[in-house]
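> Have a look at the structure that comes next, please.
Number of protein chains: 2
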Amino acid sequence: MNHPGTEAAEQAAAMLTAVGMPRMPARVMMALAGSPDEGYTAADLADRLGVSAAAVSGAVRYLVSMRLIHRLSRPGDRRDRYDLAEDSWSGMITANAPLYSTLAASLDRIADENPAAPASAARAHEIADFLRYLAERMPQLAAEWRAGRDAPGDEGPGPRADGEGAAGG
Amino acid sequence: MNHPGTEAAEQAAAMLTAVGMPRMPARVMMALAGSPDEGYTAADLADRLGVSAAAVSGAVRYLVSMRLIHRLSRPGDRRDRYDLAEDSWSGMITANAPLYSTLAASLDRIADENPAAPASAARAHEIADFLRYLAERMPQLAAEWRAGRDAPGDEGPGPRADGEGAAGG
DNA sequence: AGGAGTATTCAGAAGATTGTGAATCGGGCG
DNA sequence: CGCCCGATTCACAATCTTCTGAATACTCCT
Numbered sequence: 140m141n142h143p144g145t146e147a148a149e150q151a152a153a154m155l156t157a158v159g160m161p162r163m164p165a166r167v168m169m170a171l172a173g174s175p176d177e178g179y180t181a182a183d184l185a186d187r188l189g190v191s192a193a194a195v196s197g198a199v200r201y202l203v204s205m206r207l208i209h210r211l212s213r214p215g216d217r218r219d220r221y222d223l224a225e226d227s228w229s230g231m232i233t234a235n236a237p238l239y240s241t242l243a244a245s246l247d248r249i250a251d252e253n254p255a256a257p258a259s260a261a262r263a264h265e266i267a268d269f270l271r272y273l274a275e276r277m278p279q280l281a282a283e284w285r286a287g288r289d290a291p292g293d294e295g296p297g298p299r300a301d302g303e304g305a306a307g308g
Numbered sequence: 140m141n142h143p144g145t146e147a148a149e150q151a152a153a154m155l156t157a158v159g160m161p162r163m164p165a166r167v168m169m170a171l172a173g174s175p176d177e178g179y180t181a182a183d184l185a186d187r188l189g190v191s192a193a194a195v196s197g198a199v200r201y202l203v204s205m206r207l208i209h210r211l212s213r214p215g216d217r218r219d220r221y222d223l224a225e226d227s228w229s230g231m232i233t234a235n236a237p238l239y240s241t242l243a244a245s246l247d248r249i250a251d252e253n254p255a256a257p258a259s260a261a262r263a264h265e266i267a268d269f270l271r272y273l274a275e276r277m278p279q280l281a282a283e284w285r286a287g288r289d290a291p292g293d294e295g296p297g298p299r300a301d302g303e304g305a306a307g308g
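Residue numbers (this note's numbering), protein chains in the order written: chain C, 140 to 308; chain P, 140 to 308.
What follows is the structure in C-alpha cells.
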C-alpha cells in the first residue's frame, strides 16, 4: 500500500517532467513539498517513493545542484534531511532565464545566416527579442511577486490573483 | 556534407529539448526559423535534417497541434510547405500557462493533505500561488512585449532590453 | 581504534523514447 | 479512369535514459 497523500505529489511530479525535469528529481521534489516540517531523510524518500537509496541519492544531487532543495546536515546525526529551498520556485524560473538568452543568440545567428529570406530572418529576430525580454522579465516577475506578497496592502501583484478558479483543468 | 547554417539551428534545437520539447519537433522548428520566406517542404526538411519523411511527418504533426507552425497547403500543389506561426513564441508561453495552473492545484492539494506540517504546507501553498501568478502573467508578458514592439516610442517594455550583452553564453 | 549505520558510486538491466523502412492512403494530372 | 507523387501510418530496431543491486567511502558513537 502506498503512503497517504502521494497521489497529488505524483501528479505534480508528472507535470514537472513534462517541463523537462527528470522523473526522479521531480518525484523527490514533490514528495518534499508534502514533507513534515523537519523534512524527510533519504530513507524516508526511498520508502515513500518505492525506489532505491541510489535513486534518491542521484535525485537529491540534481536538486541540490539546481538549488531547488537544501540538504540539512545536522551534526551528531548521520541522517541527512532535505527540504525545499525557500526560493525553489524562483530557482525554477531563474534557471531557465540564461537558457532563453542563449537560445535568443542562436536564433539571431540563424537569422543572420539566412540573408536571402528577409521575412523569415525578421521573424527569427523577433522571437529572439521576445526570449531576451522573457529572460529579463522572468526573474523580475519573481521579485515582483515576492514584493507583492510581503506587502499585500500595496498595489503590488496580488498573490492569490482574484480568487477565481485558475486551478481548473 | 551538411547544409549551410544548420549549426546554430541544431544548437537552438538542443536547448528546446532541454525545456521538454521532443527532439525532432525542436529540430524542425529551428530549421524553419532559418527557412526561406516561402517556407520549407517536408522533403526539404527531411533532406536538411538528414531524417526520413516519417520523422518529419510526426514532428510537424506535433508542432501544428501545438500551434507552433503552420501548414501551408497550396491548392494545385500536393507539396505542403511549413513555416513558423507568427505567434509561435507566444504559443510556447501560453502552452505552459495552463500546466502551471494545474501544477498549482496539485501543490495546494499536497499542502492540504499535510495538516501536520504547517510550515511545509505554507511553503507549498506559496509555490502554488507563485505558479498561479506566473500562469496569469506570462500571457500578459507576451501581450506587453508585443505592445511595446508595436509602439517603441512608448515607455512600454523595450524589446531590445538595454542593449547589453544578454546574449552572452 | 573498532563497529555500525548512512550516503555515494558504478556497472548493468529494464524501460521508454525515437527514428527507420515499407506499406497504405489521398489528391491531382494526364 | 488510371497513374504518380507526396504524405501518413505502423511495427520494429537502435539509442538513450533511468533505476536497481552490490561494493565502497564516510561519519559518528562506544
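The C-beta atom is built at its ideal place from N, Cα and C for all residues, glycine as well.
Tell me whether Leu223 of chain P sits in a helix, a strand or coil according to DSSP, three-state version.
Your numbering for residue 223 of chain P matches position 84 in the second sequence. Strand.
> Residues in its own chain within less than 7 Å of Tyr179 of chain C by CB, not counting five upstream and five downstream?
Numbered from 1 along the first sequence, position 40 holds the residue referred to as residue 179 of chain C. Excluding residues within five positions, the ones whose Cβ falls inside 7 Å are Ala170, Leu171, Arg220 and Tyr221.
> Which chain C residues sit within Cβ distance under 8 Å of Arg166 of chain P?
As a position in the second sequence, residue 166 of chain P is number 27, starting the count at 1. Those do not exist, as Arg166 of chain P stays about 12 Å from chain C at its closest Cβ, beyond 8 Å.
> Below 8 Å CB to CB, which residues in the same chain sit around Glu149 of chain P once its five sequence neighbours on both sides are set aside?
As a first step, residue 149 of chain P must be located in the second sequence, where it is residue number 10. Taken in chain order, the residues that qualify are Arg166 and Met169.
> Closest by CA to Leu246 of chain P, which one among P:Val199, P:Leu238, P:His264 and P:Ala234?
For the purposes of this step, residue 246 of chain P is taken as residue 107 along the second sequence, with counting starting at 1. For the residues P:Val199, P:Leu238, P:His264 and P:Ala234, the minimum Cα distance to Leu246 of chain P belongs to P:His264.
> Buried or exposed for Ala198 of chain P, please, with buried defined as at least 16 other CB atoms from any protein chain shown within 10 angstroms of its CB.
As a position in the second sequence, residue 198 of chain P is number 59, starting the count at 1. Burial call: buried.
> Got a sec? Which residues, its chain only, sit under 6 Å from Arg218 of chain P by beta carbon, not counting five neighbours each side?
Here residue 218 of chain P refers to the residue found at position 79 of the second sequence. Hits under 6 Å: Thr180.
> Taking 8 Å as the CB-CB cut-off, is Gly159 of chain P touching chain C?
The sequence position of residue 159 of chain P within the second sequence is 20, counting from 1. Interface residue, yes.
> Would you say Leu280 of chain C lies against chain P (beta-carbon separation less than 8 Å)?
The residue given as residue 280 of chain C occupies position 141 in the first sequence. Chain P, which has a Cβ nearer than 8 Å to the Cβ of Leu280 of chain C, makes this yes.
> Could you give the distance in angstroms between the alpha-carbon of Arg187 of chain C and the alpha-carbon of Asp268 of chain C?
Walking along the first sequence from the start, residue 187 of chain C turns up at place 48. Walking along the first sequence from the start, residue 268 of chain C turns up at place 129. Whole-angstrom Cα-Cα distance: 44 Å.
> Going along the chain, which residues of the stretch 241-266 of chain P sit with their C-beta nearer than 9 Å to a C-beta in chain C?
Within the stretch 241-266 of chain P, the qualifying residues are Thr241, Leu242, Ala243, Ala244, Ser245, Leu246, Asp247, Arg248, Ile249, Ala250, Asp251, Glu252, Asn253, Ala255, Ala256, Pro257, Ala258, Ser259, Ala260, Arg262, Ala263, Glu265 and Ile266.
> By Cβ distance below 6 Å, which residues in the same chain neighbour Ile266 of chain C in space, the five residues on each side in sequence not counted?
Residue mapping note: residue 266 of chain C aligns to position 127 of the first sequence, counting from 1. Result list for Ile266 of chain C: Leu246, in chain order.
> Mind checking the stretch 192-223 of chain P against chain C and listing, in chain order, the residues whose C-beta falls within less than 8 Å of any C-beta there?
So the close ones are Asp222 and Leu223.
> Taking only beta-carbon atoms, is Arg276 of chain C less than 8 Å away from chain P?
As a working mapping, residue 276 of chain C is identified with position 137 in the first sequence. Chain P contact via Cβ: present.
> Of all Cβ atoms in chain C, is any one closer than 8 Å to the Cβ of Gly189 of chain P?
Along the second sequence, one-based indexing puts residue 189 of chain P at 50. Chain C, which has no Cβ nearer than 8 Å to the Cβ of Gly189 of chain P, makes this no.
> Using a Cβ cut-off of 8 Å, pull out every chain C residue sitting near Ala151 of chain P, in sequence order please.
Within the second sequence, residue 151 of chain P is the residue found at index 12, counting from 1. Chain C residues near Ala151 of chain P: Leu242, Ser245, Leu246 and Ile249.
> Where Ala151 of chain P and Gly159 of chain C are concerned, what is the direct C-alpha to C-alpha distance, given to the nearest angstrom?
On the second sequence, position 12 is the one that residue 151 of chain P refers to. On the first sequence, position 20 is the one that residue 159 of chain C refers to. Rounded to the nearest angstrom, the two C-alpha atoms are 15 Å apart.
> Only counting the same chain, and skipping five residues up and downstream in sequence, which positions put a Cβ closer than 7 Å to that of Glu177 of chain C?
Here residue 177 of chain C corresponds to residue number 38 of the first sequence, with the count starting at 1. So the list reads Arg220, once near-sequence residues are dropped.
> If the criterion is Cβ atoms closer than 8 Å, does the pair Met154 of chain P and Thr241 of chain C meet it?
Within the second sequence, residue 154 of chain P is the residue found at index 15, counting from 1. Within the first sequence, residue 241 of chain C is the residue found at index 102, counting from 1. Result yes, Cβ atoms of Met154 of chain P and Thr241 of chain C sit closer than 8 Å.
> For Arg271 of chain C, which option in C:Met163, C:Ala185, C:Leu238 and C:Arg162 has the closest C-alpha, if you only look at C-alpha atoms?
Your numbering for residue 271 of chain C matches position 132 in the first sequence. Residue C:Leu238 is the option with its Cα nearest to Arg271 of chain C.
> Give a yes or no on whether 8 Å exceeds the smallest Cβ distance from Gly173 of chain C to chain P.
As a position in the first sequence, residue 173 of chain C is number 34, starting the count at 1. For Gly173 of chain C, the answer is yes, since a Cβ of chain P falls inside 8 Å of its Cβ.
> Once DSSP output is grouped into helix, strand and coil, what is the label at Thr364 of chain C?
Lying outside 140 to 308, the shown extent of chain C, residue 364 of chain C is not represented and no answer is given.
> Within 8 Å of any Cβ in chain C, is that where the Cβ of Met163 of chain P sits?
Here residue 163 of chain P refers to the residue found at position 24 when the second sequence is read from its first residue. With 8 Å as the cut-off, Met163 of chain P does not count as an interface residue toward chain C.
> Given that a residue counts as buried once 16 or more other Cβ atoms are within 10 Å of its Cβ, and exposed if not, what is Gly215 of chain P?
Within the second sequence, the letter at position 76 stands for residue 215 of chain P. Exposed, by the Cβ-count rule.
> Interface residues of chain C around Asp176 of chain P at Cβ under 8 Å?
Walking along the second sequence from the start, residue 176 of chain P turns up at place 37. The contacting residues are Ala256, Pro257, Ala258 and Ser259.
> Could you check whether Met205 of chain C and Ala234 of chain C sit closer than 8 Å to each other, using their CB atoms as the reference points?
Mapped onto the first sequence, residue 234 of chain C falls at position 95. Mapped onto the first sequence, residue 205 of chain C falls at position 66. Yes. Within cutoff.
> Return the chain-ordered list of same chain residues with a C-beta closer than 6 Å to the C-beta of Ala250 of chain C, the five sequence neighbours on each side being excluded.
Taking the first sequence and counting its residues from 1, the one referred to as residue 250 of chain C is at position 111. Answer for Ala250 of chain C: Ala260, Ala263 and His264, listed in chain order.
> Spell out whether any CB of chain P is found under 8 Å from the CB atom of Asp273 of chain C.
On the first sequence, residue 273 of chain C is found 134 positions in, with the first residue counted as 1. Per the sequence shown, the amino acid found at residue 273 of chain C is Leu instead of Asp. Yes, contact with chain P.
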